[in-house]
Each structure stands twice: as structure tokens, then as C-alpha cells.
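Here the sequence shown is numbered in our numbering, starting from 74 and rising by one per residue.
So the structure is just underneath, and the comments pick up after that.
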Amino acid sequence: MLLAALQFCPVRGDIAANIAAMQSLVAGQSFDLLVIPELASTGYFYTDPQELLPLCEFPAEGAFTQWMLQLAAQRNAPVIGGFAERDRAGRLFNSAFIALPNGEWSVYRKTHLFYKEKLIFQPGDSGFLVTEWNGVRIGTMICYDWRFPESARTLALRGADVIAHPSNLVAAKNLWGPTMCTRSFENKVISVTANRAGIETLQGETLTFTGESQIVGMNGAVLADCGPDAATIIAAEADPLATRSKRINSFNDLFADRRPQAYQ
Ligand code: ACM
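Structure below.
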């Protein structure tokens, strides 16, 4: 299975320009699963919900989520990307849209909000979702969820073979990169981190996004990555079904060996 992560620098507030940029990146690339960064259509740094609200989408009704559904159908491949979601009650969520080729979709709402996200978004209430397509189970977490081993563990225990990880990471790659290798290794799952590049400045404060998207195999080895500023798609072949057995030798199975009663 060809797994891919898209990295680019979104223009804050310009959904049409961001979709056009993503469209031109996907044009020359084949994939069986595509992961797109967190808040890819709107940009990241907002502190006023009234500014972000007009850019938010009801899932599958706005331009970006519809584009993802179209792309998934055209390529016969799931597409998972981060977007600013609003619900009918006017609440905002930092969410990932999981678009399937048959037109079905689901939404993961970010569990662990980072920094000034807490000024605008509600904490996610979806729980960690695992979606199945073509016999492959895809779990989703968003960016700062990486700091919590429970995120990847919960997805793995729920059967995820691949963890899709849309991100806008500001942490240095030498922190989050090896950590995601560990998340893959300790759960024997593949992880696909699609990070964004570039900077955003708001009210005199600048956030620098660290790029260097990466795809990690179930043994913790990096299968593909790229530079900090690249606008590109990285891709790697991996076998999701090989993650199903958690056995590591004739005596040990990573999940069967767990001792939850000792972790209380
Ligand atoms: C982050 O969660 N966007 C750092």
C-alpha cells in the first residue's frame, strides 16, 4: 500500500488558494492513502472565534471537505485532512475529515488542544476513531495528540494498522520525529505525519511550523521524510496487514503481554 503525506505552507484565511495549492501537489502523485496537515484550508493561528467562524465548515458541506471527498473518489483512496469544523450550535472544533472513496466520511475532533487553540476550539468529543477501508484500518489523531502515548495506544488497541497524523507542529523535529518512531514501535503500527511548513504571525507573535513530515514503519524506522520548508508529497510502501500480529518472538506479544491491572 502506497502511503502519502502532503506538506505545504497554507495561506492564512485563503481557503481557495490552499485547495489550489494542494490540488497542484496531488496532480503528479499516486497514493493509496493520503494525509494532509492540520487546519490545512484555513491556516493555524487564530485567537478570535468570530474571525475563524466564517472559514469553518460543516463536514462534507464546505469547499475543502467536498474537495477531499472528490479526491478520495477519483483516486479510490482514503484522504484524511485537518479542517476547522463548526457544528449547528456554533461550536468550533479542530477536526480531521476522513473521506472515503465511496462517499462515506467521519470526523475526528482533536482531543488534546494546544496553546491558544484553547481560546477558540472546544475539546474534541469524538474519541479516537478507527475507520476501515479495503480491509485496512486507519486511526486518526491530530498534532499535539502525539505528546500523549494514550492517543496512539488507544488507536492501536482499537485495531488501527495505520495512524494518520495531520499536524501543524511547532516542536523541533528532533523531539516529535523520534517520538512518533516510538509510537509506531511500541504499538507495532505504521504512522503518517503530515506536517505543515512556514510561519504565521498574529498580534506580534510568530509561530514557526517545522515541516519535515515523515512516514514510519511498524518497526519504528523512518520510511520517508522531507525538509522543513518543502511543498511536496512524500510516499512510502508499507504493508498494513503485517501490523495485525503484535507478536515479537515466540514468548512475547506486545498486546497480550500488557498488564493493565499493574498500571492503575
Ligand atoms: C499543535 O497541536 N498544532 C502543535
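All residues carry an ideal CB built from backbone N, CA and C; glycine is no exception.
Please read all numbers here as calculations on a predicted model, not as lab measurements.
query: So which residues touch the region around the ligand ACM, with touch meaning a C-beta under 5 Å from any heavy atom?
result: F187, C216, Y217 and N241
field: the segment 280 to 287 touching the segment 124 to 140, judged by at least three CB pairs closer than 8 Å
entry: no
field: As assigned by DSSP and simplified to three states, the class of V99
entry: helix
D298, DSSP secondary structure in three states: strand
query: For R231, which residues of its own chain have a beta-carbon under 7 Å away from its beta-carbon, when the five flanking residues on both sides are left out?
result: F201, V203 and G212
task: Identify whether I109 lies in helix, strand or coil by the three-state DSSP scheme.
output: coil
Cβ separation of A89 and I306, assumed to be a contact under 8 Å, to the nearest whole Å: The Cβ separation is near 20 Å, so there is no contact.
message: For a minimum of 3 consecutive residues, which ranges assigned as the beta strand (DSSP E) are wholly contained in the segment 119 to 146?
response: none
query: Relative to the C-alpha of K319, which residue among D330, D121 and R210 is closest?
result: D330
task: Please list, in chain order, all residues of the same chain as A100 whose beta carbon is under 6 Å from its beta carbon, the five residues on each side excluded.
output: none
field: Beta-carbon contacts of R210 that lie in its chain and below 7 Å, excluding the five residues immediately before and after
entry: V203, G232, A233 and D234
- request: Would you decide whether F328 is buried or exposed? Buried here means 16 or more other CB atoms lie within 10 Å of its CB.
  value: exposed
- request: Go to W206, then tell me how far its beta strand (DSSP E) extends in each direction, as first and last residue.
  value: V203 to W206
Q334 - DSSP class collapsed to helix/strand/coil: helix
Whole-Å CB distance - V265 paired with M291, under 8 Å assumed: Not confirmed; about 12 Å, so no contact.
message: Helix, strand or coil, according to DSSP, for S264 in the structure here?
response: strand
query: If you draw a straight line from the C-alpha of A229 to the C-alpha of T120, how long is it?
result: 33 Å
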